[in-house]
Structures are given as structure tokens and as C-alpha cells.
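Worksheet: one structure, shown below.
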Amino acid sequence: MPISTTRAKRLWRRQRGRGEAGFTLLEISLVVLILGVMLTLLLPRLRDPGRAELDAQARRLMLVFRLLRSEAVLNGSAYRLNYDLDQQRYWAMPQEGGDLMDFARDMGSLARGTQLVAPVGIADVVLPTLVGKVAEGQVYTVFYPDGSVDPTVIHLGNGREAYTLWLNPMNGRLVADRGYQDVEYAG
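So this is what it looks like as C-alpha cells:
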């Protein structure tokens with residue numbers, strides 16, 4: 067029995083439509099491969115909040131150094147950045163007495179201090195020209211009105227990774243290097 071032309075056209079359209087709708091196995095495989103590569107690269111970073119916190123604390127400490135150096139030059143006053151290695155915190159204050167209330171009002175949270183949250187912590191602070199390496203107790207870095215700063219090396223870590231923050235005496239800027247490194251100052 068012959069099929070009518072109209073019915074044949076409908077049947078042909080249906081069959082043709084099936085072949086064009088959907089994705090080929092090659093296309094699906096490519097998408098899965100790309101997603102797999104992206105997840106492989108991103109997943110370790112998402113799973114390790116300690117690394118993100120370590121990066122954030124290293125950047126914050128670098129900003130604190132810049133701020134205190136600028137404030138010392140602009141105000142003509144020396145400032146101290148105190149490190150309490152036992153309590154894992156740091157805070158700023160004027161070097162020579164001064165009005166602590168005004169300082170606290172002007173500096174805000176920097177004067178109250180920053181508490182490091184585990185697993186991130188300060189492993190040690192090295193003041194090569196003053197006391198050497200200190201791993202417990204309290205120590206401080208002085209920012210002078212002429213723009214100079216006590217040579218300082220700070221080792222921040224999270225148990226698996228570390229940053230070495232060291233003060234470049236040539237330009238007074240804090241440099242962050244990945245890993246725990248001993249920095250030698252000529253002198």
C-alpha cells in the first residue's frame with residue numbers, strides 16, 4: 067500500500083529531526099573533559115581554606131607595614147608594630163607614649179589588634195639588628211619618621227605552607243616570598 071505524499075513528508079521530517087536534535091558522543095565527551103580539567107585545577111584551592119586565610123593575612127600584614135610607614139612619615143612620629151607570638155596577634159601603637167585614645171580613634175582596628183585564626187600563625191619574627199630570631203613572647207618593629215623601618219623578617223604559616231615577609235632595607239617595602247626562607251641582611 068502506497069504512502070501518501072503528505073504522510074511521507076511528515077515521516078521524513080520526523081526522522082530528519084531526530085538526527086539533528088541532541089549532541090553527539092564526541093561533543094559530550096569534550097564537555098566532560100573540559101569540566102574535569104577545570105575541577106582538577108580548582109578543587110584543591112576550594113578545599114583548603116587555610117591557604118586562602120594565609121594569603122589574606124600575608125596581604126593584610128603587608129598593608130599594615132605600608133600604612134604605618136606612611137603614617138610615621140606624614141605625622142613625624144615613630145610607631146611600633148607589636149607581635150605577641152604566644153597569643154598569635156599583632157597591633158600598632160605610638161613609639162613614644164602619645165595620646166593612645168587619639169591613636170586608637172585614628173587607627174581603629176589596627177590599634178585594637180589583629181588576632182590570627184588557626185591554622186594561620188606567626189612562626190617567628192627575625193629582627194637581625196636587634197634580637198635575632200624570636201619564636202615566643204613579644205617583639206616589635208619600629209617605623210621611624212624619616213621613613214626607615216627596623217629590618218624585619220616575619221614567617222607566617224598554616225602548617226603546610228608558609229610565607230616569608232621581609233623588609234627590603236633599600237626601599238622600606240615589605241616583600242612576600244612563598245615558603246619559609248632565611249633572609250640575610252648585610253651588616
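Residue numbering for the sequence shown follows the numbering used here, beginning at 67 and increasing consecutively. C-beta atoms are modelled at their ideal positions from N, C-alpha and C, and glycine is treated no differently. Bear in mind that the values here come from a model prediction, so they are computed numbers and not experimental data.
Query                                                                                                                 : Result
N-terminal and C-terminal residue of the beta strand (DSSP E) that R178 is part of                                    : Segment S175 to R178 is the alpha helix (DSSP H) holding R178; no beta strand (DSSP E) there.
Cβ neighbours of G238 in the same chain (closer than 8 Å, five flanking residues each side left out)                  : R135, G213, S214 and V215
Start and end residues, beta strand (DSSP E) containing Q153                                                          : Run containing Q153: none; DSSP gives neither H nor E here.
Beta-carbon proximity of Y149 to V192, cut-off 7 Å                                                                    : no
Opposing strand residues paired with R244 [DSSP bridges]                                                              : Y229
For Y246 and P160, the rounded distance between their alpha carbons                                                   : 30 Å
Exposure label - M104; buried when at least 16 CB within 10 Å                                                         : exposed
D172, DSSP secondary structure in three states                                                                        : helix
7 Å Cβ cutoff met for A124 and Y145                                                                                   : no
Rounded C-alpha distance that separates V249 from W232                                                                : 7 Å
Buried or exposed (CB count within 10 angstroms, at least 16 for buried), A184                                        : exposed
First and last residue of the uninterrupted beta strand (DSSP E) at A189                                              : G187 to L193
Residues of its chain near I220, where Cβ-Cβ distance is below 6 Å and the 5 sequence neighbours each way are ignored : V191 and L231
DSSP three-state assignment for Q181, whether helix, strand or coil                                                   : strand
G254 - DSSP class collapsed to helix/strand/coil                                                                      : The chain is shown only over 67 to 253; residue 254 falls outside these bounds and no answer can be derived.
Whether L182 touches Q154 by CB criterion (7 Å)                                                                       : yes
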